[in-house]
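Basically our numbering = 1-based index in the sequence shown + 9. Glycine included, each C-beta is placed from N, C-alpha and C at the ideal position. Treat the numbers as computed from the prediction; the structure is a model and nothing was measured. Data block below; observations after.
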Amino acid sequence: MEKINLEDLVQYLYNEVSAEKRSAIDIALESNFELREKLQVMATASKRLAALSFSPRQQTIDSIMDYAAKGQEALSH
10 MEKINLEDLV QYLYNEVSAE KRSAIDIALE SNFELREKLQ VMATASKRLA
60 ALSFSPRQQT IDSIMDYAAK GQEALSH
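Take a look at the structure:
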């Protein structure tokens with residue numbers, strides 16, 4: 010049996026493995042507690058990341074808007 014690594018688990022988690030590889034990972038998960046635990050941690054982290062919302066700081070938005078306004082002024086002269 011081939012060794013299942015973290016990259017394999019990530020691909021498994023995101024359904025990016027072949028049917029053959031999925032079957033091999035399923036079998037490994039049945040008998041390997043440590044592997045199941047790693048997959049669970051990765052699944053939890055994935056769900057938490059998906060729930061986060063990201064937005065730039067207001068200072069960043071203001072800087073971009075100022076830069077755009079200066080560029081617009083330069084084009085109009």
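Item: Hey, residue 31 and residue 38: beta-carbon distance below 8 Å or not?; Value: no
Item: Closest to residue 29 by C-alpha separation, out of 41, 40, 43 and 13, would be which residue?; Value: 13
Item: What distance in whole Å lies between the Cβ atoms of residue 36 and residue 17, which are believed to be in contact at a cut-off of 8 Å?; Value: Not quite, the Cβ-Cβ distance comes to about 13 Å (not below 8 Å), so this is no contact.
Item: How would you call residue 48, buried or exposed, if buried means at least 16 neighbouring beta carbons within 10 angstroms?; Value: buried
Item: Tell me the residue span of the alpha helix (DSSP H) that contains residue 34.; Value: 28-40
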